[in-house]
Amino acid sequence: MLQGKTALVTGSTSGIGLGIAKSLAKQGANIVLNGFGDVEGPKAEIATLGVKVAYHGADMSKAHEIEAMMKFAADTFGRVDILVNNAGIQHVAKIEDFPVERWDAIIAINLTSAFHATRLALPAMKAANWGRIINVASTHGLVGSAEKSAYVASKHGVVGLTKVTALENATTGVTCNAICPGWVLTPLVQKQVDAKAAAMGLSNEEAKKVLLLEKEPSMQFTTPEELGELAVFFCSAAGNNVRGVAWNMDGGWTAQ
Ligand code: NAD
């Protein structure tokens, strides 16, 4: 379905980003990976799916590195047809204790990077009259949780950016939508499981249950593969007129 198209997924060396990159690759899209940590493993995983894969290590908190990444993608594959703004970080603390440097980093990586990548991707998408911008927000783009001020503010911002991007391009073939996952068991969430286990004297399995019980009625983690299939739907012809939605995949979290 996506043969000949190129997808750039930020923060795709791990977790949800890697899951979405694999789902898009399975549909034939060439992939530009981005993120920190192990690069060769994710590159090899994508390459086995029979598509071309490239990597750029831009730090998503830095506008000039995002500019270099977008140029690299265009130079390597001709154009970015699908942009998935996924890179994100978390920090948990009460507002009065929240480290100012963590606030700035979360807003830069979770929100401002999506603005930069979007503004740089749009001209070529509009020229081709086809494009998909998929912003990985969160249930925290729709509702709040204590001790996550920067994250919740950034994700509400991402949902707002999604709506405006969708509206500004509503008469074109470029759509923009957000995905709002509940708990997904990635390194980002494992850190929160570990913190809960340590604070409450629980095992890893018990801490996971407590985490789910607090928020997610299904008592199940959403998987990167499930989120990848939602991204594939947004890229399909059936998604042509799906514009500006914030689609939750959260086991009932936001239905409460
Ligand atoms: P993760 O920690 O597994 O992956 C984060 C990715 O972002 C990694 O590839 C990492 O290298 C990259 N990254 C971090 N800082 C970066 C930077 N400055 N520049 C470039 N890349 C950077 O986390 P995840 O859970 O897969 O999270 C992915 C996205 O999904 C985030 O936006 C997160 O907020 C969102 N999300 C996660 C959950 C969850 O439960 N895990 C729920 C809702 C939303």
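Start counting the sequence shown at 75; every next residue gets the next number (the numbering used here).
Where a beta carbon is used, it is the ideal one built from N, C-alpha and C, also for glycine.
For the stretch 89-113, the full-length beta strand (DSSP E) segments reaching 3 residues or more read 104-108 along the chain. About 7 Å separates the beta carbons of Pro291 and Gln330, which is inside the 8 Å limit, making them a contact pair. For Thr249, DSSP records a beta bridge to Arg206. One thing to note: Gly115 has its Cβ no nearer than 8 Å to the Cβ of Pro298.
The C-alpha of Trp204 lies about 7 Å from the C-alpha of Asp155. Fully enclosed alpha helix (DSSP H) runs of no fewer than 4 residues occupy 174-180, 187-202, 223-242 of the stretch 156-242, in order along the chain.
Not one heavy atom of the ligand NAD falls within 7 Å of the beta-carbon of Ile181.
Remark: the shortest separation between the CB of Trp321 and any heavy atom of the ligand NAD does not fall under 7 Å.
Bounds of any alpha helix (DSSP H) do not take in Ala81; it lies within the beta strand (DSSP E) bounded by 80-83. A direct Cα-Cα distance of roughly 30 Å separates Ser86 from Asp171. Note on the stretch 247-297: whole alpha helix (DSSP H) runs with a minimum of 4 residues are 261-274, 278-289, in chain order. The DSSP-derived three-state label of Ala244 is coil.
The continuous alpha helix (DSSP H) containing Ala147 extends over residues 137-151.
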